[in-house]
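A.B. asks: The sequence shown begins at 1420 in our numbering and counts up by one.
For glycine and all other residues, C-beta sits at the position ideal for the given N, C-alpha and C.
Since we're looking at a predicted model, the values are computed, not measured.
Quick one: the structure is below, questions incoming.
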Amino acid sequence: MFVIAQISDLHFDGGPDHRRRVAAVMDYLNGRCGGPRNIDALLVTGDVADEGLPEEYREALDALSTDIPMLMTLGNHDERAAYSAVVRGDECSEPVNSALHLSGLLILALDSSIPGRSDGYIARATLDWARAQIAESGPDTDVLVSFHHPAVPVGIPFIDDRRQLDPDLLAEFVAEHPNIVGCVAGHAHTPATTTFAGRPHVIAPGVASTLNLPFEGTDIVNAAQQPGVAFHLIDDDHRLTTHFRGVPA
Ligand SMILES: [Fe+2]
Ligand SMILES: [Fe+2]
1420 MFVIAQISDL HFDGGPDHRR RVAAVMDYLN GRCGGPRNID ALLVTGDVAD
1470 EGLPEEYREA LDALSTDIPM LMTLGNHDER AAYSAVVRGD ECSEPVNSAL
1520 HLSGLLILAL DSSIPGRSDG YIARATLDWA RAQIAESGPD TDVLVSFHHP
1570 AVPVGIPFID DRRQLDPDLL AEFVAEHPNI VGCVAGHAHT PATTTFAGRP
1620 HVIAPGVAST LNLPFEGTDI VNAAQQPGVA FHLIDDDHRL TTHFRGVPA
């Protein structure tokens, strides 16, 4: 069985509040390492920075220190050139995609950001890159696909107006690969589960904040909620099971 931790929407902005909330979840995750069962990977699904500034990515690199293998993808608050320059040491304005090949599991982190916009889109070139990664791993390897923008409405109008455009291309990609166990996203700042293209679609809690559902309150942010973590378990039957944890900050 594999254990993949996911955190999302860190929104580093140089201030103490978001920094404290990220530190709480990282302390929680790092405190789980070295025991009888380690966490195989940490997924950070976008909105790493609040304004896409280089200093925000330097802050993120410092705060996300961990021995857990980590993948990050970009959200609508991120900026490709600043992210790639600081995090990868190679400034680039193209979609930033990454893959982690484990024995028996492939984790894909796909860039759904659109420069200068709040909604999202996964480009054909990104999906072709993902196809090549899956082909390299082979048909018997489970695949967990991650990106920032949910591919379906989640019931929060503020987010649903900014969701992923044209998810039909992504649905075709998922349908081509029976070994995709599920898709995970962020952006909605709420722990949620739904389906997309007939597979599980899980949205991680927001670290920086949680958003209200329409019947919870009129404020966009639900200030009473703790930062959170998702733990994705992928078992020997290729089943994705997700547990959510709130972490006091
Ligand atoms: Fe966000
Ligand atoms: Fe976002």
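(1) Would the C-beta of Asp-1428 count as close to ligand 2, meaning under 7 Å from any of its heavy atoms?
(2) Grab the span of the alpha helix (DSSP H) containing Leu-1521 for me, first residue to last.
(3) Expressed to the nearest angstrom, what Euclidean distance is found between the alpha-carbon atoms of Ser-1512 and Ala-1501?
(4) What are the boundary residues of the alpha helix (DSSP H) that Phe-1577 is part of?
(5) Quick check on the burial criterion: 16 or more other C-beta atoms within 10 angstroms. Buried or exposed for Met-1445?
(6) Measuring only from the beta carbon, is Asp-1466 closer than 7 Å to any heavy atom that is part of ligand 1?
(7) My understanding is that Gly-1617 touches Thr-1560, with C-beta atoms under 8 Å, so please give their C-beta distance in whole angstroms.
(8) Could you have a look at His-1608 and say whether DSSP puts it in helix, strand or coil?
(9) Which residue marks the beginning of the alpha helix (DSSP H) containing Thr-1464, and which one marks its end?
(10) Identify the continuous beta strand (DSSP E) that holds Leu-1525 and give its terminal residues.
(11) Are the CB atoms of His-1651 and His-1606 within a distance shorter than 8 Å?
(12) How is the beta strand (DSSP E) around Ala-1649 delimited, first residue to last?
(13) List the whole-angstrom C-beta distance separating Ala-1482 from Arg-1451, where the pair is believed to meet the contact cut-off of C-beta under 8 Å.
(14) Can the beta-carbon of Leu-1588 be found closer than 8 Å to that of Val-1564?
(15) Throw me the rounded Cβ distance for the Val-1433 and Asp-1466 pair, which I believe falls under 8 Å.
(16) Can Asn-1495 be considered in contact with ligand 2, in the sense that its beta carbon sits closer than 7 Å to one or more heavy atoms?
(17) Which residues does DSSP pair with Thr-1614 in a beta bridge?
(18) Which same chain residues, not among the five before or five after Asn-1641, have their C-beta less than 7 Å away from its C-beta?
(19) Nearer than 7 Å: is that true of the beta carbon of His-1606 relative to any heavy atom of ligand 2?
(20) Buried or exposed: Asp-1579, going by 16 or more other Cβ atoms within 10 Å of its Cβ?
(21) Mapping the DSSP letters down to three states, classify Phe-1592 as helix, strand or coil.
(22) Report, in whole angstroms, the separation of the C-beta atoms of Ala-1570 and Ile-1487, which I expect to be a contact under 8 Å.
(23) Using the DSSP secondary-structure output, state which residues sit across from His-1662 in a beta bridge.
(24) Within this structure, are the beta carbons of Ala-1649 and Thr-1637 separated by less than 8 Å?
(25) Buried or exposed: which applies to Leu-1480, given that a residue is buried once 16 or more other Cβ atoms fall within 10 Å of its Cβ?
C.D. replies: So, from the data block:
(1) yes
(2) Leu-1521 -> not in any alpha helix (DSSP H); beta strand (DSSP E) instead, spanning 1517-1521.
(3) 9 Å
(4) 1576-1579
(5) The residue is buried, with at least 16 neighbouring Cβ atoms inside 10 Å.
(6) yes
(7) Rounded, the Cβ-Cβ distance is 19 Å, inconsistent with contact.
(8) The answer is coil: DSSP assigns His-1608 none of H, G, I, E or B.
(9) Note, Thr-1464: premise wrong, no alpha helix (DSSP H); beta strand (DSSP E) at 1460-1464.
(10) Start and end: 1524-1528.
(11) Going by C-beta atoms, His-1606 is not nearer than 8 Å to His-1651.
(12) It spans 1647-1653 - the beta strand (DSSP E) in which Ala-1649 sits, taken as one unbroken run.
(13) So it is not a contact: roughly 17 Å between Cβ atoms.
(14) no
(15) A quick correction: the sequence has Gly, not Val, at residue 1433. Not confirmed; about 15 Å, so no contact.
(16) yes
(17) Thr-1614 pairs with Pro-1619.
(18) Thr-1629, Leu-1630, Asn-1631, Glu-1635
(19) yes
(20) exposed
(21) helix
(22) That belief does not hold up - the Cβ atoms of Ala-1570 and Ile-1487 are roughly 26 Å apart, past 8 Å.
(23) Phe-1650
(24) no
(25) exposed
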